Every structure is written in C-alpha cells, then in structure tokens.
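J.: This is the structure, below, for whatever I ask next.
Right, here's the structure in full:
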C-alpha cells in the first residue's frame, strides 16, 4: 500500500528524490543550521543502516553490536588526523614534526578495511550461532569494543580513555576545508551544508553498491541463507564464506560512516558508541523494511530525525506537567510510543519489499 501511494505521486522515482535531497539543505538553512545538522546526522545513520541491512536484511544475521564498527572507523580517523599520537609518542612526533594530519581520502579505505577485518573476526567464531544466541554474542562484542576504547589510556595512552579525541581535522575537498563557509558571491553555504552534500554523495554511492549486491549472485545467496540456511547448504552454497562476507562487507560501511562522523564532529569519545546506538540502528532497518533499500533509508531518516524534532515537543509537555518530568525522558517516551505504533500498524515495516513472501504465479498466469 505504501509503495502504491508513493508511486501515484511520483515519489518512487530516484531522480525526483535526489532532486529533493539536493534542495533540502537550502530550505532548512532558512530555519537555522541546527536543522541542516539534523539532516547531516540522518545521512550518516542512513550509511550505517545500509551496512547493517547487508547483515540483517540480506543474510538474516541479527547483529546487535554493529556500532563497534562505527567506533573503529571513527577512532582510526581520530588518531590519524589529530595531534593525540604526536603528543603521546615522542617517536611519532620526531617522524612527523607537524603532526600526522592524514587526509580523510587516505583513511577511508583503511577504515573500511579495518572495520571489515573486525567484522570477519566477529563472524568467524559465530558461524554456527543463530537468532538469539547470535544477537547475544554480537551485543557482547559491541560492549567489549566500547570498554576497550574507554580504558586504553593506561599504561599506554592510545585512545585517551573517556576524555576522547579532539582537534580532529576537517574534510578537505580539492584543497578547500569543509569547516569553512563557502561564499558564492550571491549565496553562502555554511559548513553543515557542505558536509551534507558530501554525505549525500556517499549515500548515493552506497545505495548503488547495495542495489548491485542485492541483485547479484552473492545477494541471492544471502537471501537463500536468510530464508532457510539448511536448504541453502543442501543446494551447494558455501554458507560459511557467505556469512563471513556479509559480516565483513556490512562492517566496512560502518567504518566509512565512523570516519565521516569523526571528521564532522571534530571529536569522538566512547559515549557516542553505546549499546543504545546499536539498538537504534537495528530499529531503523526493521521499522523501515528488512532487506528493502527504500524502506531502510526511510526508517533511518525517520528514526534519526525524530528524536531531534521531538525536542521541540518535549519542552512544552514538560511545562504542562509543571517541570515534574524531565524533557529527555519525555522525548524517549514519545520515541518509544511512535515505534510501537509503527510496528502495530505496519508489522513488516513502513516500506517492506514487495517480493518477500510473495507467491509465485501458477501456470496459465493465475495466482
């Protein structure tokens, strides 16, 4: 029903959606840069949701520790593009007297590769686990990474512990740092808008890659494993390698998104990679529609933007209660209620894949 509704209004046309996405930050600027920043974070969550969709949506492997790969990418760029290593290790300061300051475009493949390696390390010992057991193991993996980041400041200070890493370099595109406002003479683009277009370009590339994966031989094999792993193995599929590939490729998206997050924020700390973040990313994929790219994007945008938008609702509600209820608690309550309503109204997600669970037509063209 949702797809038919959108089709009648032309909103399922990719070029129209891309055009609206290009104009969106220019409209949001008139309401303040805070709204553009919300759009920036929504695009980062779209990248994360697309990566998790490979693991959960395509391969059917429930991963509750996906935020660990996000943290790996963020801390890798934070270490490579901040003065922390040169201030902590005299040898590095001697080799790089002006600091490392590695370009994001050099760190991105490293972040994708390192996060993918961590994905393989997570997937290797969990190949025989399914369902709840796999979820518990991945949840523990995500917490282990967060605890390590929080405590690797003694005896050798690698991550700076709970203080986090600051003074991280901004992204530079064609020699122009995105942390500076771009003056076009008749119009000015603030830093948050420049980051928006960079993130949008990455999302478009990621959507194309995921779409090609979905319709490839590997994507079909993942879906066969999701539907019935025993039957897939009986048909000759190497489920072991395919699962490892799903973990590795999904994790690489998290690493790229983490590097972008570190550059955008200019600061990273273990608090940004809590269990709640993993749960929210899983909720984005499930509420949008498992295995369906438009649904995953819709779920990520809604759940990323909804908490920020509800800040403007929680304040007046707090005043109505005489300040007895905290605004943050009210906001979480409203988010939880919205998620419950969505799942009761659309159990398969807001925009589920039309092919999933669809009966094949019988001979003669009749269903």
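Numbering (the working numbering), first residue to last: 2 to 368. Backbone N, C-alpha and C fix where the C-beta goes; we use that ideal spot for every residue, glycine too. Being a predicted model, the structure only gives us computed values, none of them experimental.
For the alpha helix (DSSP H) holding residue 257, just list the boundary residues, first then last.
T.: Here the alpha helix (DSSP H) through residue 257 covers 240-266.
J.: Note the first and the last residue of the continuous alpha helix (DSSP H) segment covering residue 85.
T.: Residues 85-89.
J.: Going by C-alpha to C-alpha distance, which of 350, 132 and 271 sits closest to residue 68?
T.: Measuring from the Cα of residue 68, the nearest candidate turns out to be 271.
J.: Between the Cα of residue 332 and those of 318, 268 and 325, spot the shortest distance and give me the residue it belongs to.
T.: The candidate whose alpha carbon is nearest that of residue 332 is 318.
J.: If residue 300 sits next to residue 290, beta carbons under 8 Å apart, how far is it from one beta carbon to the other, in whole angstroms?
T.: Yes, they are in contact, since the Cβ atoms of residue 300 and residue 290 sit about 7 Å apart, within 8 Å.
J.: If you count every other CB in all the chains shown that lies within 10 Å of the CB of residue 242, and 16 or more means buried, which is it?
T.: Classification for residue 242: exposed.
J.: So residue 81 packs on residue 109, CB below 8 Å; how close in whole Å?
T.: Going by Cβ atoms, the distance from residue 81 to residue 109 rounds to 11 Å, so no, they are not a contact pair.
J.: So what does DSSP say about residue 196, is it helix, strand or coil?
T.: It is helical.
J.: Evaluate residue 353 with the Cβ neighbour count: other Cβ atoms within 10 Å of its Cβ, from every protein chain shown; 16 or more gives buried, anything less gives exposed.
T.: When all chains shown are included, residue 353 counts as buried.
J.: May I ask you to list the residues that DSSP assigns as paired with residue 313?
T.: Paired residue(s): none; residue 313 is not in a bridge.
J.: Take residue 310 as the anchor and find which of 335, 326, 322 and 295 has the nearest alpha-carbon.
T.: Selected option, being the one with the closest Cα: 335.
J.: Let me check one thing: in DSSP terms, what residues is residue 173 bridge-paired to?
T.: 178.
J.: In the DSSP output, which residue or residues are listed as bridge partners for residue 269?
T.: Answer by DSSP bridge pairing, in chain order: 166.
J.: Using 10 angstroms around the beta-carbon of residue 261, count the other beta-carbons present and answer buried if the total reaches 16, otherwise exposed.
T.: Buried is the call here.
J.: Once you ignore the five residues that flank residue 244 on each side, which residues in its own chain have a CB closer than 8 Å to its CB?
T.: For residue 244, where only same-chain residues beyond five positions count, the Cβ hits under 8 Å are 60, 62, 124, 128 and 226.
J.: Inspect the beta-carbon positions of residue 170 and residue 162 and report whether they are closer than 7 Å.
T.: Cβ atoms of residue 170 and residue 162: not closer than 7 Å.
J.: List the residues that DSSP assigns as beta-bridge partners of residue 184.
T.: Answer by DSSP bridge pairing, in chain order: 189.
J.: Could you tell me the alpha carbon to alpha carbon distance between residue 306 and residue 192, rounded to whole angstroms?
T.: Near 19 Å, if we compare the C-alpha coordinates of residue 192 and residue 306.
J.: Report yes or no: do the region 131-150 and the region 41-50 share at least 3 C-beta pairs separated by less than 8 Å?
T.: Not touching, per the Cβ criterion.
J.: Taking the alpha helix (DSSP H) that residue 15 falls in, what are its first and last residues?
T.: Note, residue 15: alpha helix (DSSP H), 15-30.
J.: Does residue 159 come out as helix, strand or coil in the three-state DSSP assignment?
T.: Of the three classes helix, strand and coil, the one that applies to residue 159 here is coil, per DSSP.
J.: Leaving out five residues on either side along the sequence, give the residues of the same chain with a beta carbon under 7 Å from the beta carbon of residue 130.
T.: Here the set comprises 138.
J.: Use the C-beta contact count for residue 184: other C-beta atoms within 10 angstroms, 16 or more gives buried, fewer gives exposed.
T.: Classification for residue 184: exposed.
J.: Pick from 312, 265, 343 and 298: whose alpha carbon is nearest that of residue 178?
T.: It is 265.
J.: Give the secondary structure of residue 1 by DSSP, where H, G and I count as helix, E and B as strand, and everything else as coil.
T.: Past the boundaries of the shown model lies residue 1; the chain is included only from 2 to 368, so the question cannot be answered.
J.: Going by DSSP, what residue range makes up the alpha helix (DSSP H) through residue 50?
T.: Unbroken alpha helix (DSSP H) run through residue 50: 34-53.
J.: So what does DSSP say about residue 295, is it helix, strand or coil?
T.: Looking at residue 295 - three-state DSSP - the assignment turns out to be helix.
J.: Quick check on DSSP: helix, strand or coil for residue 340?
T.: It is helical.
J.: Does DSSP put residue 352 in a helix, in a strand, or in coil?
T.: In this structure, residue 352 counts as coil in the three-state DSSP scheme.
J.: Alpha carbon to alpha carbon, what distance is there between residue 120 and residue 250?
T.: If you take the alpha carbons of residue 250 and residue 120, they lie about 8 Å apart.
J.: Quick check: the Cα distance between residue 142 and residue 122, rounded to an integer number of angstroms?
T.: About 10 Å.
J.: Can you tell me which of 89, 190 and 29 puts its alpha carbon nearest to the alpha carbon of residue 159?
T.: The option with the nearest alpha carbon to residue 159 is 89.
J.: May I have the straight-line CA-CA distance separating residue 149 from residue 85, to the nearest angstrom?
T.: Each residue's alpha carbon lies about 17 Å from the other.
J.: List the whole-angstrom C-beta distance separating residue 97 from residue 166, where the pair is believed to meet the contact cut-off of C-beta under 8 Å.
T.: That pair is no contact at about 16 Å.
J.: When we look at the beta-carbon of residue 41 and count the other beta-carbons within 10 Å, is it buried (16 or more) or exposed?
T.: Result: buried.
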